[in-house]
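Residue numbers (this note's numbering), protein chains in the order written: chain S, 1 to 316; chain F, 317 to 570. Note that beta-carbon positions come from the ideal geometry of N, C-alpha and C, so glycine has one too. A quick note: this is a predicted structure, and the numbers were derived from the prediction, not measured.
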Amino acid sequence: MILVLVEGEAAPAEVSLEAVTLARRLAGGLGLPLEAVAYDAGAAEGLGAHGVSRVHVVRDERLGDYAPEAWAEGVVEVVRRRGASIVVASGSDRGQELLAHAAAQLDAPFAANCVEVRAGDPLELVRQRWGGSLLEEARLSGPVKLLTLVPRVLAAEPAAEGVDLVVEELRPELRDEHLRVRVARHEEPEPGKVLLTDAKVVVGGGRGVGSAEGFGSLEELANLLGGAVGGSRVVTNLGWRSHADQIGQTGARIAPRLYIACGISGAIQHMVGCRGAKRILAINTDRHAPMVARADYAVIGDVQEIVPALVAELRR
Amino acid sequence: MLNILVCVKRVPETGARITLTADEQAIDTTHLGFTISPHEECAVEEAIRLAAAHGGTTRVLTLGPAGAVEQLQNALAMGIEEATLLETDGGDWGPQATAAAIAEAARARAEPFDLLLFGNESADNGNYQVAVRVAAALGLPCVTGIKGIEVVEGGLVARREAGGGWEIFELPLPAVVSVREGINLPRYPSLPGRLRAKKAEIERVTPSRRSDGLEKVRLVVPAEDGRPVEILGEGPTAAARVVDVLRELGLVAS
Ligand SMILES: Cc1cc2nc3c(=O)[nH]c(=O)nc-3n(C[C@H](O)[C@H](O)[C@H](O)COP(=O)(O)OP(=O)(O)OC[C@H]3O[C@@H](n4cnc5c(N)ncnc54)[C@H](O)[C@@H]3O)c2cc1C
Ligand SMILES: Nc1ncnc2c1ncn2[C@@H]1O[C@H](COP(=O)(O)O)[C@@H](O)[C@H]1O
Numbered sequence: 001m002i003l004v005l006v007e008g009e010a011a012p013a014e015v016s017l018e019a020v021t022l023a024r025r026l027a028g029g030l031g032l033p034l035e036a037v038a039y040d041a042g043a044a045e046g047l048g049a050h051g052v053s054r055v056h057v058v059r060d061e062r063l064g065d066y067a068p069e070a071w072a073e074g075v076v077e078v079v080r081r082r083g084a085s086i087v088v089a090s091g092s093d094r095g096q097e098l099l100a101h102a103a104a105q106l107d108a109p110f111a112a113n114c115v116e117v118r119a120g121d122p123l124e125l126v127r128q129r130w131g132g133s134l135l136e137e138a139r140l141s142g143p144v145k146l147l148t149l150v151p152r153v154l155a156a157e158p159a160a161e162g163v164d165l166v167v168e169e170l171r172p173e174l175r176d177e178h179l180r181v182r183v184a185r186h187e188e189p190e191p192g193k194v195l196l197t198d199a200k201v202v203v204g205g206g207r208g209v210g211s212a213e214g215f216g217s218l219e220e221l222a223n224l225l226g227g228a229v230g231g232s233r234v235v236t237n238l239g240w241r242s243h244a245d246q247i248g249q250t251g252a253r254i255a256p257r258l259y260i261a262c263g264i265s266g267a268i269q270h271m272v273g274c275r276g277a278k279r280i281l282a283i284n285t286d287r288h289a290p291m292v293a294r295a296d297y298a299v300i301g302d303v304q305e306i307v308p309a310l311v312a313e314l315r316r
Numbered sequence: 317m318l319n320i321l322v323c324v325k326r327v328p329e330t331g332a333r334i335t336l337t338a339d340e341q342a343i344d345t346t347h348l349g350f351t352i353s354p355h356e357e358c359a360v361e362e363a364i365r366l367a368a369a370h371g372g373t374t375r376v377l378t379l380g381p382a383g384a385v386e387q388l389q390n391a392l393a394m395g396i397e398e399a400t401l402l403e404t405d406g407g408d409w410g411p412q413a414t415a416a417a418i419a420e421a422a423r424a425r426a427e428p429f430d431l432l433l434f435g436n437e438s439a440d441n442g443n444y445q446v447a448v449r450v451a452a453a454l455g456l457p458c459v460t461g462i463k464g465i466e467v468v469e470g471g472l473v474a475r476r477e478a479g480g481g482w483e484i485f486e487l488p489l490p491a492v493v494s495v496r497e498g499i500n501l502p503r504y505p506s507l508p509g510r511l512r513a514k515k516a517e518i519e520r521v522t523p524s525r526r527s528d529g530l531e532k533v534r535l536v537v538p539a540e541d542g543r544p545v546e547i548l549g550e551g552p553t554a555a556a557r558v559v560d561v562l563r564e565l566g567l568v569a570s
């Protein structure tokens, strides 16, 4: 049996349906049934159309909010009771965390951030290293194998033919130690703030912006375009911007319609954060900067002259 | 009092492009320096701050080749007190073998650690699991991806970003926590710190290597899409042309 972890409350999360799509192809290739584990009955909604024959919904009175070790124990019990040989999840924060815990408990191998997986034993797969700037072809072997799929590389698709879905409650045998770590409360996002990850235009600044004050004209430009301001690691490290604004391997992954990269050289660790941008406009004094080569449009020159001129032109 | 262990990994400092060795097994580091993940730099900083605030000891550990002494010395220069090298003959160790060796080294200490800090993921391999496996091997609670730690009576309060807001975890000590860049702004090593680090004795241990179910076949540099760039102009006079492009893209009203 192949098991897929499905996140979501009222409905399955889109990234989980991507994982279901991959898991269904593996199940087809190996001639195995496909089952799911979920933590809310809502997440089971419509999974039959995606080829899932059985969903195990984890329940326990002591389980309120997210508790990584207890949730992972749900995965472990389904694997043991139903004999799963492959477990798939999305490479979301919770997906990575839960499969890491389950893999540790099962003493099984876990390949994070796969982009391609071929059915077989061992599994042959391609996974991301360096945040996606390098790929690794690898083999995953063992009686149980776990893997996560990079979000948004594979479009979620329903099965050619849906199947009848059985929804079952699963009561894992939780011990106190499974409940040691839990979410005690939440803080909601600031209302009205344009998130970097959702912005349709992002104006990014790097070392070439010159100072914290230098970001003033970038802010103006972002405001005029209804966008958000971001930056490179150099500017967050220098304290010119807060880390929340960082784009890249250890910062945010953005996907705007346009990314305006001002005074940013285009290091690979920065580029993996802005690969999702439809178009890139580079503003840089150096015509040979990697960012210029990787952009769709470029203006050669000083950020502190060009951005204010652009703001003035938009205000005309 | 907190006895803190922080785990870091030596990785090449790649620039604008990655070049592989001829056998496609590794990054060609002939012209590269080495560093650690920004997440791990923050873990080092957090260890120093927590020990300063609550008292206790700090130790940095890495599993890697002899050259990884450089990364240990950088952590010592920032203010970590002691260092351990689990020395290998180079080459990648998989996440199961790495975690087993780290857990073994932690277990071997007379004074157990109260807090083990990791990066959320290693910069190069990004396996997202070594911290969790070490926690499981030591029977400790674990939380990952943390951007805020507060020590409270009996344990920790740890914050993780989720959808623009925050999830706030509570967990008892001793514990394993993996952190993300942004939890703090790491200090630069001081000159006296650097001098002290050069002289500090580094504990060397030869780790035993268990098998791994994840096995690298080869590395591949992904193809770039090679779209040509259109130079819109030089200097501020290009502004009008840029606004035309913004109109074409439908980002400003025409
Ligand atoms: C493991 C790891 C993770 C990392 N994660 C990230 C990450 O998440 N995000 C990130 O950004 N980086 C990350 N980095 C750092 C990355 O490697 C680069 O060091 C960083 O992106 C460089 O920032 P920069 O482009 O602002 O600075 P620089 O590389 O110094 O580039 C400055 C650019 O500005 C141009 N310039 C200078 N003056 C002007 C001017 N007046 N007008 C116009 N242009 C000008 C220059 O020509 C140059 O192209 C990471 C590194 C490692 C090792
Ligand atoms: N070779 C290593 N030596 C010391 N710590 C490591 C090593 N590999 C991984 N780690 C730690 O485990 C974290 C997660 O690594 P990974 O599971 O590879 O993504 C890293 O950020 C480090 O803190």
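Buried or exposed (CB count within 10 angstroms, at least 16 for buried), residue i
i	result
V166 of chain S	exposed
M271 of chain S	buried
Q128 of chain S	buried
L507 of chain F	exposed
P428 of chain F	exposed
Q96 of chain S	buried
Beta carbon proximity, residue i to chain F, threshold 9 Å
i	result
W130 of chain S	yes
T21 of chain S	no
L281 of chain S	yes
Y259 of chain S	no
G91 of chain S	yes
A43 of chain S	no
C-alpha gap between residue i and residue j, whole angstroms
i	j	result
V493 of chain F	L487 of chain F	10 Å
V561 of chain F	G204 of chain S	18 Å
A367 of chain F	L321 of chain F	11 Å
R503 of chain F	A228 of chain S	28 Å
A399 of chain F	C358 of chain F	17 Å
A159 of chain S	R24 of chain S	8 Å
L314 of chain S	I260 of chain S	15 Å
Q387 of chain F	E420 of chain F	21 Å
K532 of chain F	P143 of chain S	18 Å
I268 of chain S	V235 of chain S	16 Å
V468 of chain F	A424 of chain F	28 Å
A104 of chain S	A453 of chain F	8 Å
G349 of chain F	N390 of chain F	13 Å
A312 of chain S	A199 of chain S	22 Å
R510 of chain F	R241 of chain S	28 Å
C-beta neighbour in chain S for residue i, strict 9 Å
i	result
W409 of chain F	no
H355 of chain F	yes
N390 of chain F	no
F434 of chain F	no
I343 of chain F	yes
E361 of chain F	no
R525 of chain F	no
Per-residue contacts from residue i into chain S (C-beta, under 7 Å)
i	result
K532 of chain F	E136 and A138
V322 of chain F	Those do not exist, as V322 of chain F stays about 17 Å from chain S at its closest Cβ, beyond 7 Å.
Q412 of chain F	P109
V467 of chain F	Near V467 of chain F there are no residues of chain S at all, since even the closest Cβ is about 15 Å away, more than 7 Å.
Contacts of residue i in chain S (Cβ-Cβ under 8 Å)
i	result
P449 of chain F	Looking at the sequence itself, residue 449 of chain F is Arg, so the reference to Pro does not match. The answer, in chain order, is A100, A103 and A104.
C458 of chain F	P68, E69, H101 and V181
D405 of chain F	What D405 of chain F touches in chain S: nothing, since even the nearest Cβ is about 21 Å away.
D528 of chain F	P109
A452 of chain F	H101, A104 and Q105
L348 of chain F	The premise fails here: L348 of chain F is roughly 12 Å from chain S at the closest Cβ pair, so nothing lies under 8 Å.
I396 of chain F	Chain S residues near I396 of chain F: none, gap ~20 Å exceeds 8 Å.
Interface partners of residue i on chain F, CB under 7 Å
i	result
V292 of chain S	V545
E313 of chain S	A555, A556 and V559
N113 of chain S	G442
V201 of chain S	L567
Neighbour list for residue i in chain F, Cβ cutoff strictly below 8 Å
i	result
P349 of chain S	Outside the displayed range of chain S (1 to 316) lies residue 349 of chain S, so it cannot be described from this structure.
P12 of chain S	What P12 of chain S touches in chain F: nothing, since even the nearest Cβ is about 17 Å away.
D296 of chain S	R543, V545 and E546
Partner residues on chain F for residue i, Cβ-Cβ distance less than 9 Å
i	result
L225 of chain S	L562, L567 and V568
V272 of chain S	Per Cβ cutoff of 9 Å: no residues; V272 of chain S is ~10 Å from chain F at best.
S141 of chain S	G529, L530 and E531
Chain S contact residues for residue i, given Cβ-Cβ distances below 9 Å
i	result
E497 of chain F	R233, T236, H243, Q246, T250 and G251
T330 of chain F	W130, S133, L134, A267, I268 and Q269
Assumed close pair residue i, residue j - CB separation to whole angstroms, cut-off 8 Å
i	j	result
V115 of chain S	L99 of chain S	The Cβ separation is near 16 Å, so there is no contact.
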